[in-house]
Each structure stands twice: as C-alpha cells, then as structure tokens.
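From first to last, the protein sequence lines are chains V and G.
According to the numbering used here, the stretch in the first sequence is residues 1 to 260, in order.
According to the numbering used here, the stretch in the second sequence is residues 1001 to 1260, in order.
Report on the structure given below.
Protein chains: 2
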Amino acid sequence: MKALLLAFLMMTVAQQAQAKLVTKKVEYRQGETVLEGYLAYDDALKGKRPGVLVIHEWTGVSQYEMKRAEQLAGLGYVAFAADIYGKGVRPATPQAAAKEAAKYRGADRSLIRARAAAGLDKLASLPHVDPKRLAVIGYCFGGTAALELARSGANVLGTVSFHGGLDTPNPADAKNIKGKVLALHGGDDPFVKPEQVAAFQQEMREAKVDWQMNIYGGAVHSFSNPKSGNDNSKGAAYNEKADHRSWQAMKQFFVEVFGK
Amino acid sequence: MKALLLAFLMMTVAQQAQAKLVTKKVEYRQGETVLEGYLAYDDALKGKRPGVLVIHEWTGVSQYEMKRAEQLAGLGYVAFAADIYGKGVRPATPQAAAKEAAKYRGADRSLIRARAAAGLDKLASLPHVDPKRLAVIGYCFGGTAALELARSGANVLGTVSFHGGLDTPNPADAKNIKGKVLALHGGDDPFVKPEQVAAFQQEMREAKVDWQMNIYGGAVHSFSNPKSGNDNSKGAAYNEKADHRSWQAMKQFFVEVFGK
C-alpha cells in the first residue's frame, strides 16, 4: 500500500511540475487612455476557467500585484492585474501616489469604475476565461476600485477587498451589486476608521448584499504587503498572520463563488 | 495512470470507512455538582490528538451540541460537549432557558468559568487527548462561556465563539488569554449589538490578544442552528451560508492553532 501511495504522490508531483505559468504585460484601452496590465495563467490547464481581476494599491501595478496574479494563476485561475492609472503612470513616492489616487476616489467615482470595467472586459475577453465566472480583488486603493466596480453592477460573482477604503459617495448603488462581497479589514487600520466600517456594513445591509467582513486584530493598513514594513505606528505595516489568514479567506470564498 | 488513481482513491475510501466513531455520555463534577457531558472521537485514529471543548446554547447539552461534537470527531479531534448547568438540567422553554442562563452570565462570572474549566479538565484527562493542544468553541450562551474560560487564563490554544454574547463584566481579564480568539458573528444579530461588538474588539485590542472577528451579512442570532427556524425578524434564525462559512472558518482556525 505504501508503494502505491508513493507512486500516486509521485504522479501528482509530476503533474504539478507540468504546470506552465505564462505571464505577460497586456496593453488595452479605456476610451483614449492606454492602460497596461499584467496577465498570469497556467498554460498546462485545459479549458476555460474563472478569471480574477486584481486591482492595485495606490502606486499602480507593481511587483506586488504581479506576484498576486501569479499566485492566483497557481490556484488555477486566469488572473489579470488591471491598470487604473494608465501605461507608465507608476507614482514612486507616497506623495505622488496620494495625488494620483485622489483623481479617482473623490466625489465622482465614474472614472475609477470605467477603468476597472475596462480591465474586467479585457479579462473576460481572454481565450482561457469563462466570462460567466469572474471575480475582482483589490488592495488598498484597489479595494475601493473593486467595490466601485461591484456597485456599478459589473458581472462579477465575487468581490474581495484587502484593507481597502470602504467609503463611497454612492451608497445607494450597492443595490446594483450582483455577486458576493468579502471585505478583509485590519482591526487597527487608522485609515479605514470604525465609522467607515459601520457605514459600509449599513450600506451592504440596506441593499441586501451577500456580504462578509473579516477583521484581523493587530493589523493596520496594507497588512498583506511585505513592502509596508513592520511598524504599526505608521498606520500601514505588514502583518504575516493577517496576510495568511486573508489569503485563506479569499481562497475559501472563491471555492464558494466559483464552485471550485 | 487512471487505474492507479482509482486504486488510490479506493484505498482512501477504505481507510475512511474504517473510521470508528465512539460516542458516550460522561459524568463528571464541578465541586459538588454532578455534570453530564457528551464525548465523541474516532477510535480508528492512533495516538493523542487535539481536544476540543464544545459549550452549549442556553438550553444545555442537546442533540445540536452532540452533533457538533461528532462533526469535530470526524475532523480527527477528541470532542467533548461540556455541561455547564448540571446533570438533568435541560430547560425546555425559552423562558426556562433564559432563567437558567441568567444564573451564569450576570455580574459574577466565577461559576460559568468554574463549570467550563471542569469540562476542560475532564477533556484534558482523557486518554486520547494531547493536553497541550486544547481549544474551546461555544454557541450563543456557550460562546460567552468559551470566552470567559479564555479570560480566566485557561490552557487553550484557541477559542471560537459562534454567535456568542461578547460582553463581560471583567474586560481587564482579557490580559489572561493565552491562545487565539475567533469570534463569528451575525451582522444583523439583535442580541449582540454593535456597541457590544465594539467593546469586545476594544477589550481584545487593549489586551493585545491575537483576535479575529468574522461578520456574516444577513445572519442573526443562532445562525448555525437549524432549530432556530428561518424567520430573521425573530432575532434568531438559521442561516445556511453563515453556518457553512463559520464552520469553514473554524476548521481553518484549528489548522492554524493545532498545526493540523
């Protein structure tokens, strides 16, 4: 029996070794604006599969989001790290990032929604993607973008925000949300305050959305990004436990929404 | 290759079929009071394994908690549904249950702690249990009891509350908590109000506990118990999604705290 088990395990390892991660930059447009996203999928898998849109932090598509796309590809999904800002717009300092992000998350959310929708359309059009099985995840600024995409009535089965801003000038739009929502939140996040958390929950409640929120004690803003450092007093810091837990929660959520 | 896979799967099924669920009522004491719990474990498993204490809703140990203990045994743990009230004390009406529960969750929490501790001691003493790997879960009233046990400084690696009351007259005791805490909460629970949720989070925060809270939208009190009916307007009702999600969250939590 042990020999049989060993043979099976070796076979499984061999199959996994055949996984063929394909990654590439992909140019696309929203209106006249040229955007540049990052695509990742396992070319060893056959047939169409769920597609997951990944929306970036306030610095634009970076190594961090590319890594997340690759991890999602490793889970069997087609992942596309969307570009909200435009090709080449990659603010290098917090000041520049804050300035760029402010263009999108003010009182008018039409541009952030349009840019996120362009990414989703691109993802849906890809040959390996089942356009009926889409989800969106976002980090910080990207969490806000993911939620705005959902509020716009986009065709997503699931929306996951990792330490995203939960506020919106248009809470009534939550009635347009078609899929399920999972908000992953740092319990000590000074940028997403309790009032905002309460308002978000009330928004979801009133619109009868299928929502969940996981709160991670001891975690502040940007808890999933190792580049955030380890000083909670700065308001943004990496938290290994919350990173692991939130990723597990997302995986479980996807098993539920995609049925695999 | 397919034949090999089939052989392996059949072998796995055969192994599972060998699982031998043992269940029995177990009498034990706290002081002079005779208590009667319910034990469940898989006798086909070898060696010591983690022990999980299950604390009941306000009606005392019932079929519901026995079923949960059996499910936990199915996960490979030794599960013991503790009795807080005393042998034979099984209130049959909500009025009687409220009256009985009130004896334990008032301003003095020493009795609920002592009764929960007696259950934990019994569990830890069982031959299949690794006394260094213990956790406690509780439902409604039992969630309160589980948290009070943790606050007493009990030797538990993890504490899980399912729609439990989160209040305590002794928030400063949170500093005694040795393990991790996971609170699973219905987002529309009218009996565990937002002020109580906020106070609990603040309690955990101040004591630097490793805590998490998952909030399930659309779920009210007692969301994991099918006997709660399906009328949210009553304040307590079964919610299949929240039941499934909270159980998955508990399983993931145990993988983390027990390392298996």
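Even for Gly, the Cβ is constructed at its ideal location relative to N, Cα and C.
Contacts that residue i makes with chain G (C-beta to C-beta distance below 9 angstroms)
| i | result |
| --- | --- |
| residue 205 of chain V | 1187, 1188, 1217 and 1218 |
Closer than 9 angstroms to chain G by CB, residue i
| i | result |
| --- | --- |
| residue 283 of chain V | Nothing can be reported for residue 283 of chain V: it is not among the residues displayed for chain V, which extend from 1 to 260. |
| residue 194 of chain V | yes |
| residue 201 of chain V | yes |
Sub-9 angstroms separation of residue i and residue j beta-carbons
| i | j | result |
| --- | --- | --- |
| residue 1235 of chain G | residue 1187 of chain G | no |
| residue 1171 of chain G | residue 1195 of chain G | no |
| residue 253 of chain V | residue 180 of chain V | yes |
| residue 212 of chain V | residue 182 of chain V | yes |
| residue 1246 of chain G | residue 1225 of chain G | no |
| residue 1258 of chain G | residue 1243 of chain G | no |
| residue 37 of chain V | residue 83 of chain V | yes |
| residue 1141 of chain G | residue 1101 of chain G | yes |
| residue 1028 of chain G | residue 1034 of chain G | yes |
| residue 45 of chain V | residue 80 of chain V | no |
| residue 160 of chain V | residue 146 of chain V | yes |
| residue 97 of chain V | residue 58 of chain V | yes |
| residue 43 of chain V | residue 25 of chain V | no |
| residue 1048 of chain G | residue 1128 of chain G | yes |
| residue 1120 of chain G | residue 1155 of chain G | yes |
| residue 1116 of chain G | residue 1157 of chain G | no |
| residue 153 of chain V | residue 56 of chain V | no |
| residue 1130 of chain G | residue 1190 of chain G | no |
| residue 123 of chain V | residue 53 of chain V | yes |
| residue 1229 of chain G | residue 1192 of chain G | no |
Any chain V beta carbon closer than 9 angstroms to residue i
| i | result |
| --- | --- |
| residue 1167 of chain G | no |
| residue 1198 of chain G | yes |
| residue 1181 of chain G | yes |
Interface partners of residue i on chain V, CB under 8 angstroms
| i | result |
| --- | --- |
| residue 1210 of chain G | 217, 218 and 241 |
Under 7 angstroms from the C-beta of residue i: neighbouring residues of chain V
| i | result |
| --- | --- |
| residue 1248 of chain G | 252 |
Contact set between residue i and chain V, taken where Cβ atoms lie within less than 9 angstroms
| i | result |
| --- | --- |
| residue 1245 of chain G | 212, 252, 253 and 256 |
For residue i, the first and last residue of its enclosing alpha helix (DSSP H)
| i | result |
| --- | --- |
| residue 1063 of chain G | 1063-1074 |
| residue 243 of chain V | 240-258 |
| residue 1107 of chain G | Element bounds for residue 1107 of chain G: n/a, residue is neither H nor E. |
| residue 1201 of chain G | 1194-1206 |
N-terminal and C-terminal residue of the beta strand (DSSP E) that residue i is part of
| i | result |
| --- | --- |
| residue 1036 of chain G | 1033-1042 |
| residue 1023 of chain G | 1021-1030 |
| residue 134 of chain V | 129-139 |
| residue 1261 of chain G | The shown model of chain G, from 1001 to 1260, leaves out residue 1261 of chain G, and the question about it has no answer. |
| residue 49 of chain V | 49-55 |
| residue 1093 of chain G | No beta strand (DSSP E) holds residue 1093 of chain G; DSSP gives it neither H nor E. |
| residue 80 of chain V | 78-82 |
| residue 186 of chain V | 180-186 |
Chain C contact for residue i (CB, 9 angstroms cutoff)
| i | result |
| --- | --- |
| residue 1075 of chain G | You won't find chain C in this structure, because its protein chains are V and G. |
**OP:** Flag this pair as touching only if the stretch 238-253 of chain V and the stretch 218-226 of chain V have three or more C-beta atom pairs under 8 angstroms; answer yes or no.
**Re:** yes
**OP:** Please confirm if the stretch 1097-1112 of chain G is in contact with the stretch 1124-1136 of chain G, defined as three or more CB-CB distances below 8 angstroms between the two stretches.
**Re:** no
Subject >> the stretch 1087-1094 of chain G touching the stretch 1060-1073 of chain G, judged by at least three CB pairs closer than 8 angstroms >> reply: yes
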